[in-house]
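Notes for the one structure printed next.
Residue numbers (my numbering), protein chains in the order written: chain A, 29 to 247; chain B, 29 to 247.
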């Protein structure tokens, strides 16, 4: 089923639009799971998994998806990636969609390898975040997988102060780059529209900038 | 020592500017290392490591660095990342610099976690590639590590056809976005200039576009 329809159905069934971030830090774990200060990566990765499983168990009735941020797992090396993989499986078993916040982006066969990693590969995400700087052909290897039910959320206008550096650069007609990115996605995602009317190719727009959000919704 | 100086010294000592890509694919391995068609990720990851170690051994006298593309390791899951980590160590033991082609990019504490992963963490790269779409503040957590001897290569003008989609968008003065990116890097990398005169913050410019390359060299 189309990813947008899967998400739409989950929202309707659960009466919720909650997505729960899973960005664990050792120092923020509850005391019962807290690893020793000198714990190695394996022990921290195990603590992350126990924490994520408990969160997934607690939020499963109320949330539609979890969104693990891969950087916090990558930092722990292969053991952290094992925890990421198991977190994806635990979420799926509890009926939660998994949006992998990986912000990948590369060209040709490299993009295909990334898509293989995150869509139905070792890390079973339902959707991932992507970076558009390399252009439409760098996104196609991911977008082409939408027909298998996967989804893509592509950075358009991010929430950080530095987002303006490139994303707000205006062309000769006064239009900011993020609108160009949004148009590129609208074109790329046109074939991925589900029965719900939304596309499996979504845009990441930081709600810290309400004016840009309204502008992008209108575009 | 500053990364630019480390690279400059390696180039001078070896009389070489060769960087060897390590982008292994199972179907392209030599027959003696080729995994069985039904081999699991662990077996393929082991074959990748044996291949990389042989390449590193062969090129160490002639190359200054290796550049593994992480997507091909990520695709194999945690076992692939273990091979990536060991490849970094094998290259370092043979005196080769490691440029991790990871094209990461994220904000704040997430960027710091990525920097911890790739600089002196489980994956011991000397330099990595980065994506600039999120702006200068997303690059600073990486650039700030240059004082420890690490390097950053940031995408400016890539070699793929779709690069033009965003990177060539021209502002009101007719200047393409990639020049804006280059200026941002020149400013960010200004404090990271080594004794050789180059900065530890470099630009990725595809040599398939000689005109843009000349323009960026002049800028």
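All C-beta atoms, glycine included, are put in the ideal place defined by N, C-alpha and C.
Just verifying my parser: in three-state terms, what is the DSSP assignment at residue i?
i: residue 158 (chain A); result: strand
i: residue 98 (chain B); result: coil
i: residue 232 (chain A); result: strand
i: residue 164 (chain B); result: helix
i: residue 181 (chain B); result: strand
i: residue 124 (chain B); result: coil
i: residue 134 (chain B); result: coil
i: residue 49 (chain B); result: strand
i: residue 69 (chain B); result: helix
i: residue 88 (chain B); result: coil
i: residue 221 (chain B); result: strand
i: residue 169 (chain B); result: helix
i: residue 82 (chain B); result: helix
i: residue 60 (chain B); result: coil
i: residue 54 (chain B); result: helix
i: residue 199 (chain A); result: strand
So residue i contacts chain B; which residues on that side make the cut at Cβ distance below 8 angstroms?
i: residue 154 (chain A); result: Neighbours of residue 154 (chain A) on chain B: none; closest Cβ ~17 angstroms, over 8 angstroms.
i: residue 106 (chain A); result: 106, 107, 109, 110, 113, 150
Would residue i count as contacting chain A if we go by Cβ distances under 8 angstroms?
i: residue 159 (chain B); result: yes
i: residue 115 (chain B); result: no
i: residue 135 (chain B); result: yes
i: residue 327 (chain B); result: Past the boundaries of the shown model lies residue 327 (chain B); chain B is included only from 29 to 247, so the question cannot be answered.
i: residue 71 (chain B); result: no
i: residue 30 (chain B); result: no
i: residue 183 (chain B); result: yes
Would you mind stating whether residue i and residue j have Cβ atoms separated by less than 8 angstroms?
i: residue 92 (chain A); j: residue 47 (chain A); result: yes
i: residue 180 (chain B); j: residue 156 (chain B); result: yes
i: residue 63 (chain A); j: residue 113 (chain A); result: no
i: residue 187 (chain A); j: residue 133 (chain A); result: no
i: residue 228 (chain A); j: residue 31 (chain A); result: yes
i: residue 197 (chain A); j: residue 77 (chain B); result: no
i: residue 52 (chain A); j: residue 79 (chain A); result: yes
i: residue 99 (chain A); j: residue 99 (chain B); result: no
i: residue 212 (chain B); j: residue 193 (chain A); result: yes
i: residue 57 (chain B); j: residue 96 (chain B); result: no
i: residue 81 (chain B); j: residue 118 (chain B); result: yes
i: residue 104 (chain A); j: residue 69 (chain A); result: yes
i: residue 94 (chain A); j: residue 124 (chain A); result: yes
i: residue 200 (chain A); j: residue 247 (chain B); result: no
i: residue 222 (chain A); j: residue 33 (chain A); result: yes
With distance defined between alpha-carbon atoms, name the residue in the options nearest to residue i.
i: residue 226 (chain B); options: B:217, B:233, B:234; result: B:217
i: residue 122 (chain B); options: B:51, B:83, B:109; result: B:83
i: residue 184 (chain B); options: B:172, B:209, B:200; result: B:209
i: residue 191 (chain B); options: A:161, A:182, A:201; result: A:161
i: residue 242 (chain A); options: A:102, A:170, A:207, A:105; result: A:207
i: residue 214 (chain A); options: A:240, A:171, A:238; result: A:171
i: residue 29 (chain A); options: A:56, A:177, A:247, A:68; result: A:177
i: residue 74 (chain A); options: A:193, A:115, A:90; result: A:115
i: residue 38 (chain B); options: B:154, B:57, B:142; result: B:154
i: residue 67 (chain A); options: A:237, A:54, A:101; result: A:54
i: residue 43 (chain B); options: B:88, B:247, B:72, B:168; result: B:88
i: residue 45 (chain B); options: B:245, B:244, B:85, B:90; result: B:90
i: residue 35 (chain B); options: B:224, B:247, B:238; result: B:224
i: residue 72 (chain B); options: B:101, B:237, B:86; result: B:101
So is residue i in contact with chain B if we call contact Cβ pairs under 8 angstroms?
i: residue 81 (chain A); result: no
i: residue 213 (chain A); result: no
i: residue 66 (chain A); result: no
i: residue 166 (chain A); result: yes
i: residue 145 (chain A); result: yes
i: residue 162 (chain A); result: yes
i: residue 247 (chain A); result: no
Whose Cβ in chain B lies nearer than 7 angstroms to the Cβ of residue i?
i: residue 218 (chain A); result: Going along chain B, no residue has its Cβ under 7 angstroms from residue 218 (chain A), so there is no contact; the nearest lies around 16 angstroms.
i: residue 235 (chain A); result: Neighbours of residue 235 (chain A) on chain B: none; closest Cβ ~15 angstroms, over 7 angstroms.
i: residue 131 (chain A); result: 133, 134
If the cut is a Cβ gap below 8 angstroms, which residues of chain A does residue i touch?
i: residue 142 (chain B); result: 99, 102, 103
i: residue 227 (chain B); result: The contacting residues do not exist; residue 227 (chain B) stays about 18 angstroms from chain A at best.
i: residue 35 (chain B); result: Correct list: empty, because the minimum Cβ distance to chain A is about 23 angstroms.
i: residue 200 (chain B); result: 198, 199, 200, 202
Going along chain A in order, which residues have a C-beta closer than 9 angstroms to the C-beta of residue i?
i: residue 208 (chain B); result: 193, 194, 197
i: residue 118 (chain B); result: The premise fails here: residue 118 (chain B) is roughly 16 angstroms from chain A at the closest Cβ pair, so nothing lies under 9 angstroms.
Strictly below 9 angstroms CB to CB, what residues from chain B border residue i?
i: residue 169 (chain A); result: None at all; the shortest Cβ gap to chain B is about 10 angstroms.
i: residue 56 (chain A); result: The premise fails here: residue 56 (chain A) is roughly 11 angstroms from chain B at the closest Cβ pair, so nothing lies under 9 angstroms.
Whose Cβ in chain A lies nearer than 7 angstroms to the Cβ of residue i?
i: residue 248 (chain B); result: Outside the displayed span of chain B (29 to 247) sits residue 248 (chain B), for which this structure offers no information.
i: residue 205 (chain B); result: 194, 197, 205
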